[in-house]
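Take the sequence shown: its letter number 16 is residue 16 in our numbering, and every next letter is one higher.
Quick reminder that beta carbons are idealized off the backbone N, C-alpha and C, glycines included.
If you're wondering where the values come from, they're calculated on a predicted model, not measured in any experiment.
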Amino acid sequence: MFLPAPCIHGPSRRLATKVREKCGPALFLCKTVQVLCLSFLFPVSFPPSFSLTSQNFFRTSVTKWSKVSLSAIKRWFMFRGRSRHTLDSKGRLAIPARFREVLETAGETTLVVTNHDSCLWAYTRNDWKVIEEKAASLPQFDEAVNAYLRYFISGAVECQLKQNRITIPPDLREFAGLNKEVVLVGELKRFEIWDRNEWEKAFRAAKENFPKASQALKEMGI
């Protein structure tokens, strides 16, 4: 049965207008869904033909649809692609627009950066929280777990995005051997930060090993 849409007013209408004015086209769909969900936190006018049951059904359906849609949209906005950047003497690094969109979609302005191998890994705060929760549930007296916590988890630093840049702390820059020229490498839920020379070595090694890795990936269904 088709139900006529309710009329949103008050704070919800002003919120929707503000979002349309300020968000870019790439984020409009995501923000529109968020507004639709948020609108039901505010007073809504329904046509006289709407029974209380119909009103509750409408609210429940929209809330469920909004959650599913937001989840799908956030999966689409992942860290993709490679790009070269310049790191200044204070450790400030510009974050490309497509990576900033991932943060904006997640409603975040902070990256969590930690050491890994010969580079740094950067996560959204929400994704890092998932990693920490899993780490906290591991056996605390296991030798491998303690090595993981000491090496990977303990290195994490929150880096605030300011003027489209983050500042990487000196100890992490030293760990990854970051000089002036760096490469950012998107890996979906995270991205890597490499010194350019180290990245070129790592990429050549990955290229050489890829035929062998392809078989293992095939077994994983990739």
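Per DSSP, the continuous beta strand (DSSP E) segment holding glutamate 158 begins and ends at 157-160. Apart from sequence neighbours up to five positions away, the residues of its chain that approach arginine 82 with a beta-carbon distance below 8 Å are Val183, Leu184, Val185, Gly186, ordered along the chain. For serine 83, the uninterrupted beta strand (DSSP E) run begins and ends at 82-86, by DSSP. Contact between the stretch 123-133 and the stretch 169-178 is not established, with fewer than three Cβ pairs separated by less than 8 Å. The same chain holds no residue with a CB closer than 6 Å to that of asparagine 197 once the five nearest residues on each side in sequence are set aside.
Note that the C-beta distance between aspartate 195 and glycine 221 is not below 8 Å.
In chain order, Leu103, Gln160, Leu161 place their CB closer than 8 Å to the CB of threonine 109, counting only its own chain and leaving out the 5 sequence neighbours on each side.
Beta bridge pairing from DSSP links tyrosine 123 with Val112, Arg190. Taking the CA atoms as reference points, lysine 134 sits about 18 Å from valine 157.
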